[in-house]
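Asks: Right, I'll just put the structure down here and ask away after.
Number of protein chains: 2
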Amino acid sequence: MTADGPIFLPQGFKFSSASAGIKTSGKPDLGLILAEPSASAAALFTRNRIVAAPLEVGRAALAKTGGRVRAVLVNSGNANCATGTKGVRACRIVCAALARELKVNASEVFPSSTGIIGVPLPTAKINHKLRSLAGGAEPTVERLRQFSEAILTTDSRPKLDSVPLRSGKASITGIAKGAGMVHPQLATMLVYLLTDIVASPAELTRALRKACEHSFNLISIDGDTSTNDTVLLLASGQSRTKLQAVRGEFERALIELCRSLAEQIVRDGEGVGHVIRLQIEGAKSRAEALTVARTISRSLLVKTAWAGADPNWGRILAAVGRSGVPVDPRRIIISIGDQKVCQGSSACAFDQTRAHAELSNPESRVTVRLGRGKASIEYLTTDLTSDYVKLNAEYST
Amino acid sequence: MTADGPIFLPQGFKFSSASAGIKTSGKPDLGLILAEPSASAAALFTRNRIVAAPLEVGRAALAKTGGRVRAVLVNSGNANCATGTKGVRACRIVCAALARELKVNASEVFPSSTGIIGVPLPTAKINHKLRSLAGGAEPTVERLRQFSEAILTTDSRPKLDSVPLRSGKASITGIAKGAGMVHPQLATMLVYLLTDIVASPAELTRALRKACEHSFNLISIDGDTSTNDTVLLLASGQSRTKLQAVRGEFERALIELCRSLAEQIVRDGEGVGHVIRLQIEGAKSRAEALTVARTISRSLLVKTAWAGADPNWGRILAAVGRSGVPVDPRRIIISIGDQKVCQGSSACAFDQTRAHAELSNPESRVTVRLGRGKASIEYLTTDLTSDYVKLNAEYST
Chain A
2 MTADGPIFLP QGFKFSSASA GIKTSGKPDL GLILAEPSAS AAALFTRNRI VAAPLEVGRA
62 ALAKTGGRVR AVLVNSGNAN CATGTKGVRA CRIVCAALAR ELKVNASEVF PSSTGIIGVP
122 LPTAKINHKL RSLAGGAEPT VERLRQFSEA ILTTDSRPKL DSVPLRSGKA SITGIAKGAG
182 MVHPQLATML VYLLTDIVAS PAELTRALRK ACEHSFNLIS IDGDTSTNDT VLLLASGQSR
242 TKLQAVRGEF ERALIELCRS LAEQIVRDGE GVGHVIRLQI EGAKSRAEAL TVARTISRSL
302 LVKTAWAGAD PNWGRILAAV GRSGVPVDPR RIIISIGDQK VCQGSSACAF DQTRAHAELS
362 NPESRVTVRL GRGKASIEYL TTDLTSDYVK LNAEYST
Chain B
2 MTADGPIFLP QGFKFSSASA GIKTSGKPDL GLILAEPSAS AAALFTRNRI VAAPLEVGRA
62 ALAKTGGRVR AVLVNSGNAN CATGTKGVRA CRIVCAALAR ELKVNASEVF PSSTGIIGVP
122 LPTAKINHKL RSLAGGAEPT VERLRQFSEA ILTTDSRPKL DSVPLRSGKA SITGIAKGAG
182 MVHPQLATML VYLLTDIVAS PAELTRALRK ACEHSFNLIS IDGDTSTNDT VLLLASGQSR
242 TKLQAVRGEF ERALIELCRS LAEQIVRDGE GVGHVIRLQI EGAKSRAEAL TVARTISRSL
302 LVKTAWAGAD PNWGRILAAV GRSGVPVDPR RIIISIGDQK VCQGSSACAF DQTRAHAELS
362 NPESRVTVRL GRGKASIEYL TTDLTSDYVK LNAEYST
């Protein structure tokens with residue numbers, strides 16, 4: 002699943018984008034999704050206690066409308082986070098201006114922002130572009146692709162994918178962005194999922210929670226949970242197919258789509274050299290497996306060993322040991338690719354060259370068996386390279 | 002306090018070192034401390050569930066002798082960790098060989114190892130050197146300095162310091178090593194504290210716990226807790242001054258010494274460009290302050306910003322937000338040096354150039370006020386540089 006596959010256009014949505022000058026590069030930094038006449042909505046937000054202004058405004062808007070959305074307005078280049086009450090006011094000003102343009106209620110506009118933290122949102126620059134943005138919205142794949150580019154920050158490429166229901170009755174299309182501060186607790190960065198199925202906000206929320214748990218909650222790039230994480234699922238209802246009639250199929254399709262977007266995010270992680278498919282098996286519970294996966298995926302020593310394609314299983318074992326899970330070292334088995342490298346708390350005889358070669362691939366598999374139970378997860382994470390450090394150490398990014 | 006200050010020689014200890022060929026560089030890799038006739042001992046070990054063989058053997062030895070030590074045998078170049086039951090046997094073989102040489106019980110030998118994880122301990126190489134090692138032991142500062150060099154791994158310099166009791170009645174001298182896998186939960190890497198005070202193991206343990214809490218537990222280099230962390234405090238009793246007679250002074254001196262060694266470890270952290278003195282104030286409890294400090298000190302985005310001397314307070318705020326402490330963003334105040342940079346969850350007007358200059362110093366101060374209570378801590382941590390990544394990404398380190 003990649004952004005290069007066919008993109009389906011769920012009925013009931015139009016897209017638009019513009020360059021408002023928020024990004025100093027002059028690249029597109031404003032994106033709009035119109036749901037006409039409107040869509041049911043479900044949203045999940047970051048668990049970070051520091052929450053950006055658009056998340057506060059968006060959450061309040063969804064509560065007010067009972068989960069109806071007419072427009073999604075996204076800017077990149079500015080996160081409108083840690084901007085105090087002025088930031089909330091700025092977000093409301095922009096939503097109200099777009100609502101006037103579209104002749105809808107301000108609470109029917111769902112706002113998102115991504116970019117630098119702590120800088121006031123340039124409302125005048127955004128408002129200046131709203132008329133042409135609204136006027137230019139079209140229900141085409143080309144406009145959808147332009148939208149997916151307008152919401153990027155340090156991302157090197159857009160992330161999108163589509164999954165049609167096998168019954169052909171409806172489809173789901175998703176657009177995401179995110180390359181750093183990716184260690185989602187509930188959602189990741191900005192993700193927009195669009196479908197033309199008929200569903201209530203409650204039905205959408207249930208499906209969305211499940212899909213996130215099996216996708217965005219199983220990835221980590223740098224261990225930092227963003228302040229702006231948002232996943233929004235909109236259903237236009239225009240396929241006339243009811244979610245309840247195809248629930249199993251819809252939920253599977255949504256998980257598949259979210260996994261595709263999550264993988265695209267990890268592959269495009271800041272400075273990423275290698276993607277690691279980390280399999281945690283034999284845990285007592287899913288939560289326990291997740292704790293081990295997150296501890297390993299946050300270990301600088303493990304991540305730098307991966308950067309050097311070094312089959313240094315001792316660092317992985319040490320990370321498991323400090324995860325807080327009461328493991329018995331003698332029962333742990335660690336494999337790199339198809340080779341066991343550690344068992345019974347000591348080294349196996351393994352082919353170092355082959356393990357090195359495995360870890361030199363763009364993507365490789367590392368498996369940790371805890372020997373405690375039957376729960377398992379697959380977690381997607383990355384190495385830590387000098388490029389990551391350079392990118393994030395540059396002054397005033 | 003630095004390793005360059007005067008080093009006092011507590012009465013009752015001799016030191017020795019040798020090159021046994023465990024390190025491929027041929028540098029000294031074997032160190033010995035003799036306590037004659039013997040010393041009371043207290044030890045703290047890593048909280049990592051994966052525990053190296055010498056820690057198991059040393060813990061059992063202390064239990065068997067009721068806290069008496071005749072000799073401390075340390076090798077660098079090999080951690081003897083994740084080496085299974087063979088590793089424990091190898092450790093016992095070496096301790097028994099030294100015990101025969103010294104004509105003491107094997108349980109009076111306290112072993113330590115530091116270096117690579119998962120490689121069998123070369124017992125023959127070590128045993129071969131034990132006679133000359135034991136024979137060469139002398140109660141001189143020169144031999145003590147040689148010991149402090151023989152226990153180093155990726156450290157660039159030895160770490161030692163002395164604190165005489167102001168009453169002149171006894172002294173405490175400490176030797177430490179550690180540059181990576183430093184995020185102690187109870188102790189850090191290898192630390193040997195020697196005093197000639199008269200004290201029971203129980204008295205020493207109490208003083209040691211307190212001192213570690215205010216020193217090694219307040220530092221982090223890379224967020225990885227080692228499998229070999231050991232802090233050992235030995236009291237020869239030869240000053241004839243009883244600990245109970247000078248308890249306050251002894252405890253203060255021990256804390257001062259441990260802080261000095263902890264700071265030396267952080268300054269010599271792998272690839273460290275800048276040391277950050279992180280002040281957490283206004284927490285509800287010390288534990289809460291520690292949680293916030295550890296989350297900030299583990300954030301790759303914060304650490305890379307520090308590497309670039311970037312006063313990017315948004316990343317610090319985001320880390321506080323995901324720490325799990327229920328902070329109110331509006332009450333948080335962040336300062337860099339003496340300048341407030343964030344208050345009321347938005348930016349203060351501050352001099353960027355001055356903040357950049359402050360963070361360009363080898364050591365700088367960052368203060369986070371949570372506005373929740375009266376607890377505070379000072380935590381010592383580091384930036385994350387490309388040098389760290391390069392050092393740890395090299396194949397087969």
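Taken in sequence, the protein lines are chains A and B. Positions 2 to 398 (our numbering) are the ones given, in order, by the first sequence. Positions 2 to 398 (our numbering) are the ones given, in order, by the second sequence. Glycine included, C-beta positions come from ideal geometry on N, C-alpha and C.
#1: From this set, B/Gly249, B/Leu63, B/Gly374 and B/Asn362, which residue's C-alpha is nearest B/Ser41's C-alpha?
#2: Sorted by chain position, which residues of the same chain lie with C-beta nearer than 6 angstroms to A/Glu364's C-beta, five sequence neighbours on each side aside?
#3: Counting only the same chain and skipping the five closest in sequence on each side, list residues whose C-beta sits under 6 angstroms from that of B/Ala21.
#4: Using the C-alpha atoms, what's the distance from A/Ala180 back to A/Ala19?
#5: Kindly provide the ranges of any alpha helix (DSSP H) runs that are 4 or more residues long and lie completely inside the stretch 309-395 of chain B, ordered along the chain.
#6: When DSSP builds the beta bridges, which residues end up paired with A/Asp156?
#7: Between the C-alpha atoms of A/Thr189 and A/Ile51, what's the straight-line distance to the nearest angstrom?
#8: So, with DSSP's three-state summary, where would you put B/Ser41?
#9: Take every Cβ of the stretch 284-300 of chain B, pair it with every Cβ of the stretch 8-16 of chain A, and state whether three or more of those distances are shorter than 8 angstroms.
#10: What do you reckon, are the CB atoms on A/Tyr193 and A/Ala177 nearer than 9 angstroms?
#11: Just how far apart, CA to CA, sit A/Tyr396 and B/Thr84?
#12: Might you give, ordered along the chain, the residues of its own chain that have their beta carbon closer than 7 angstroms to the beta carbon of A/Ala401, omitting 5 neighbours on each side?
#13: Rounded to whole angstroms, what's the CA-CA distance from A/Ser261 to A/Arg158? Just pull it up for me.
#14: Looking only at its own chain, which residues have a Cβ that is under 6 angstroms from the Cβ of B/Ser39, when we skip the five neighbours before and after it?
#15: Look at the alpha carbon of B/Leu191 and the alpha carbon of B/Val164, and state the distance between them as a whole number of angstroms.
#16: Comparing C-alpha positions only, which one of A/Glu37, A/Asn81 and A/Leu35 sits nearest to A/Glu57?
#17: Near A/Ser26, what residues of its chain come up, given a Cβ to Cβ distance below 7 angstroms and the 5 sequence neighbours on each side ignored?
#18: Taking B/Ser300 and B/Arg316 to be in contact with their CB atoms under 8 angstroms, please state how far apart those CB atoms are, rounded to whole angstroms.
#19: For B/Thr66, I'd like the list of residues in its chain whose CB is within less than 7 angstroms of its CB, leaving aside the five on either flank, ordered along the chain.
#20: In whole angstroms, what is the alpha-carbon distance linking A/Gly274 and A/Leu258?
#21: If you measure from the beta carbon of B/Thr386 to each beta carbon in chain A, is any gap under 9 angstroms?
#22: With 9 angstroms as the threshold, decide whether the Cβ of A/Pro327 is near any Cβ in chain B.
#23: What three-state label does DSSP hand B/Ile8 in the structure shown?
#24: Below 6 angstroms CB to CB, which residues in the same chain sit around B/Leu187 once its five sequence neighbours on both sides are set aside?
#25: Sort A/Lys160, A/Ser216 and A/Glu37 by Cα distance to A/Ala254 and report the nearest one.
#26: Beta-carbon of B/Arg146 versus every beta-carbon of chain A: anything under 9 angstroms?
#27: Of all the options A/Ala151, A/Arg167 and A/Pro7, which has the alpha carbon lying nearest to the alpha carbon of A/Asn76?
#28: Grab the span of the beta strand (DSSP E) containing B/Leu195 for me, first residue to last.
#29: State buried or exposed for A/Pro55, treating a residue as buried only when at least 16 other CB atoms are found within 10 Å of its CB.
#30: Can you pull the chain B residues whose beta carbon is under 7 angstroms from the beta carbon of A/Asp223, in chain order?
#31: I want to verify the contact list: residues of chain A whose CB lies under 8 angstroms from the CB of B/Pro330, in sequence order.
#32: What is the rounded straight-line gap between the Cα of B/Asn79 and the Cα of B/Leu103?
#33: In chain order, which continuous runs of the alpha helix (DSSP H) of length 4 or greater are located wholly inside the stretch 93-142 of chain A?
#34: With a threshold of 16 other CB atoms inside 10 Å of the CB of B/Asn362, please say whether the residue is buried or exposed.
#35: Between A/Thr115 and chain B, is there a C-beta pair that is closer than 9 angstroms?
#36: Please specify which runs of the beta strand (DSSP E), each continuous and at least 3 residues long, are wholly inside the stretch 269-312 of chain B, giving them in chain order.
Replies: Taking the structure as given:
#1: On the second sequence, residue 41 of chain B is found 40 positions in, with the first residue counted as 1. Nearest of B/Gly249, B/Leu63, B/Gly374 and B/Asn362 to B/Ser41, Cα basis: B/Leu63.
#2: By one-based count along the first sequence, residue 364 of chain A stands at place 363. Correct list, in chain order: Val276.
#3: Here residue 21 of chain B is taken as the residue at index 20 of the second sequence, counted from 1. Excluding sequence neighbours, B/Ala21 sits near Asp30, Leu31, Lys126, Ile127 and Lys130.
#4: Sequence index remark: in the first sequence, residue 19 of chain A carries index 18 (1-based). Sequence index remark: in the first sequence, residue 180 of chain A carries index 179 (1-based). Near 22 angstroms, if we compare the C-alpha coordinates of A/Ala180 and A/Ala19.
#5: 314-322, 353-361 and 387-394
#6: Along the first sequence, one-based indexing puts residue 156 of chain A at 155. Answer is none; A/Asp156 lacks a bridge partner.
#7: For the purposes of this step, residue 189 of chain A is identified with residue 188 of the first sequence, where counting begins at 1. For the purposes of this step, residue 51 of chain A is identified with residue 50 of the first sequence, where counting begins at 1. In this predicted model, A/Thr189 has a pLDDT of only 47, less than 50, meaning its place in the structure is not dependable; the value taken from the coordinates is given anyway. Cα-Cα distance, rounded: 15 angstroms.
#8: As a working note, residue 41 of chain B is residue 40 in the second sequence. Here B/Ser41 sits in strand by DSSP.
#9: no
#10: As a first step, residue 193 of chain A must be located in the first sequence, where it is residue number 192. As a first step, residue 177 of chain A must be located in the first sequence, where it is residue number 176. Going by C-beta atoms, A/Tyr193 is nearer than 9 angstroms to A/Ala177.
#11: In the first sequence, residue 396 of chain A corresponds to position 395, counting from 1. In the second sequence, residue 84 of chain B corresponds to position 83, counting from 1. Unreliable placement is indicated for A/Tyr396, whose pLDDT of 46 sits below 50; no coordinate value is reported for it.
#12: Residue 401 of chain A is absent from the structure shown; chain A starts at 2 and stops at 398.
#13: Here the question's residue 261 of chain A lines up with position 260 in the first sequence. Here the question's residue 158 of chain A lines up with position 157 in the first sequence. Going from the Cα of A/Ser261 to the Cα of A/Arg158 covers about 14 angstroms.
#14: What you label residue 39 of chain B is simply residue 38 of the second sequence in a count that begins at 1. The residues are Arg69 and Arg71.
#15: As a working mapping, residue 191 of chain B is identified with position 190 in the second sequence. As a working mapping, residue 164 of chain B is identified with position 163 in the second sequence. Approximately 19 angstroms, taken between the alpha carbons.
#16: Against the first sequence, residue 57 of chain A aligns to sequence position 56. Taking only the C-alpha atoms, the option nearest A/Glu57 is A/Asn81.
#17: As a first step, residue 26 of chain A is located in the first sequence; it is residue number 25 there, counting from the start. Excluding positions up to five away in sequence, the list is empty.
#18: Translated into the one-based positions of the second sequence, residue 300 of chain B becomes position 299. Translated into the one-based positions of the second sequence, residue 316 of chain B becomes position 315. So it is a contact: roughly 7 angstroms between Cβ atoms.
#19: Residue mapping note: residue 66 of chain B aligns to position 65 of the second sequence, counting from 1. Answer for B/Thr66: Ser108 and Glu109, listed in chain order.
#20: By one-based count along the first sequence, residue 274 of chain A stands at place 273. By one-based count along the first sequence, residue 258 of chain A stands at place 257. For A/Gly274 and A/Leu258, the distance between alpha carbons rounds to 24 angstroms.
#21: Taking the second sequence and counting its residues from 1, the one referred to as residue 386 of chain B is at position 385. Judged by the 9 angstroms Cβ criterion, B/Thr386 is in contact with chain A.
#22: As a position in the first sequence, residue 327 of chain A is number 326, starting the count at 1. For A/Pro327, the answer is yes, since a Cβ of chain B falls inside 9 angstroms of its Cβ.
#23: Counted from its first residue, the second sequence places residue 8 of chain B at position 7. Correct three-state label for B/Ile8: coil.
#24: Indexing the second sequence from 1 puts residue 187 of chain B at position 186. Interpretation of B/Leu187 is limited by its pLDDT of 43, a score under 50 that renders its predicted location unreliable; the figure taken from the coordinates is listed afterwards. Once the five neighbours on either side are set aside, the close Cβ partners of B/Leu187 are Leu45 and Arg48.
#25: Within the first sequence, numbered from 1, the residue matching residue 254 of chain A stands at position 253. Checking every option, the nearest Cα to that of A/Ala254 belongs to A/Ser216.
#26: Translated into positions along the second sequence, residue 146 of chain B becomes position 145. Not an interface residue.
#27: Taking the first residue of the first sequence as 1, we reach residue 76 of chain A at position 75. Of the candidates A/Ala151, A/Arg167 and A/Pro7, the one whose C-alpha sits nearest the C-alpha of A/Asn76 is A/Ala151.
#28: Position 194 of the second sequence holds residue 195 of chain B. Where B/Leu195 is concerned, the enclosing beta strand (DSSP E) stretches over Leu191 to Thr196.
#29: Along the first sequence, one-based indexing puts residue 55 of chain A at 54. Classification for A/Pro55: buried.
#30: Counting from 1 along the first sequence, the entry for residue 223 of chain A is found at position 222. Residues of chain B passing the Cβ test: Leu301 and Leu302.
#31: As a position in the second sequence, residue 330 of chain B is number 329, starting the count at 1. In chain order: Arg50, Ile51, Val52 and Ala83.
#32: Indexing the second sequence from 1 puts residue 79 of chain B at position 78. Indexing the second sequence from 1 puts residue 103 of chain B at position 102. If I take the Cα positions, the gap works out to 24 angstroms.
#33: 124-136
#34: The residue given as residue 362 of chain B occupies position 361 in the second sequence. By the 10 Å Cβ count, B/Asn362 comes out exposed.
#35: Translated into positions along the first sequence, residue 115 of chain A becomes position 114. Not an interface residue.
#36: 276-284
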